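Since the structure comes first, as structure tokens, the remarks are kept for the end.
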Amino acid sequence: MTVLADLVETALRMVHPGPVLRAPGTGGFDGLVLVTGTAGGWHLVTVGVSSPDVPAIGEGVCGRGVELSLRVDQDAVDPSRPGVPWPVGVLSALAVRVQHGDVIGPGTRWENSTPLDGDPGSTATHLLFVADRTLRRVQTPMGEVVLAQAVPVDQARLEQARVEGVEPVVTELLGTDPAAVALLRPAGADGHGVSGPGR
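Okay, so the sequence shown: first residue is 104 according to the numbering used here, each after it adds one.
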């Protein structure tokens with residue numbers, strides 16, 4: 104896993120110059136979550152979901168062939184605060200699901216019953232997955248790994264994605280800025296928001 108972690112970290116540094124933190128997975132995920140700062144938030148990527156130690160799902164693919172990513176605003180991760188940041192917990196929980204056979208990748212949905220960050224004021228309880236908007240795939244000596252970006256959404260967006268598909272809904276929500284971050288709380292009367300430019 105060290106080789107894969109180094110390769111993913113190198114790819115992250117090409118997109119976001121600066122330090123990359125390595126957080127251990129939680130909840131049974133024995134991999135890592137890499138965390139790097141962006142202009143106004145954080146970009147998190149798992150290492151260990153694809154796992155070259157398991158049979159490849161296809162030719163030229165590293166193990167399960169997928170790692171997971173998530174973009175959150177600045178307040179979601181505070182390295183100085185004790186405890187596990189909720190984004191690390193969410194990615195770790197998803198990683199365990201994949202390791203137990205769930206299929207998560209671009210175009211899929213993950214339905215949940217409680218706010219992702221544990222805050223009752225949050226409306227984002229579900230996730231839609233698209234190819235990571237800045238780091239789509241990583242080539243490794245063990246094969247290719249696709250990065251599936253989790254995008255937090257509320258119930259209305261989930262219902263919309265069931266009808267229209269995941270990609271159009273995420274594009275409508277985040278626009279063309281590849282570094283945009285979906286909000287966890289209503290930003291306006293319609294309850295759908297996205298962070299400002301440069302995040």
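Note that beta-carbon positions come from the ideal geometry of N, C-alpha and C, so glycine has one too. Just so we're clear, the structure is a prediction, and the values are computed from it rather than from any experiment.
Would you say the stretch 104 to 118 touches the stretch 133 to 152, given that touching needs at least three Cβ pairs under 8 Å?
yes
Could you check what DSSP says for Glu214 in three-state terms: helix, strand or coil?
coil
Range covered by the beta strand (DSSP E) that runs through Ala283:
Taken as a continuous stretch (DSSP letters only), Ala283 belongs to no beta strand (DSSP E), as it is neither H nor E.
For the alpha helix (DSSP H) that Leu107 lies in, which residues bound it at each end?
Thr105 to Val118
Which residue comes first and which comes last in the beta strand (DSSP E) that contains Glu162?
Taken as a continuous stretch (DSSP letters only), Glu162 belongs to no beta strand (DSSP E), as it is neither H nor E.
If you reduce the DSSP assignment to three classes, tell me which class Asp257 lands in.
coil
For Val157, count neighbouring C-beta atoms within 10 Å of its own C-beta (all shown protein chains included) and say buried if the count is 16 or more, exposed if not.
exposed
My output table needs one value for Leu194: the three-state DSSP class, helix, strand or coil.
helix
What does the Cβ neighbour count give for Arg184, buried or exposed, with the cut at 16 atoms within 10 Å?
exposed
Can you say whether Ser216 is buried or exposed, counting buried as having 16 or more other CB atoms within 10 angstroms of its CB?
exposed
Using DSSP bridges, identify the partner residues of Asp176.
Gly144
Beta-carbon gap between Ala303 and Gly144 smaller than 9 Å:
This structure gives no information on residue 303, because the portion of the chain shown stretches from 104 to 302.
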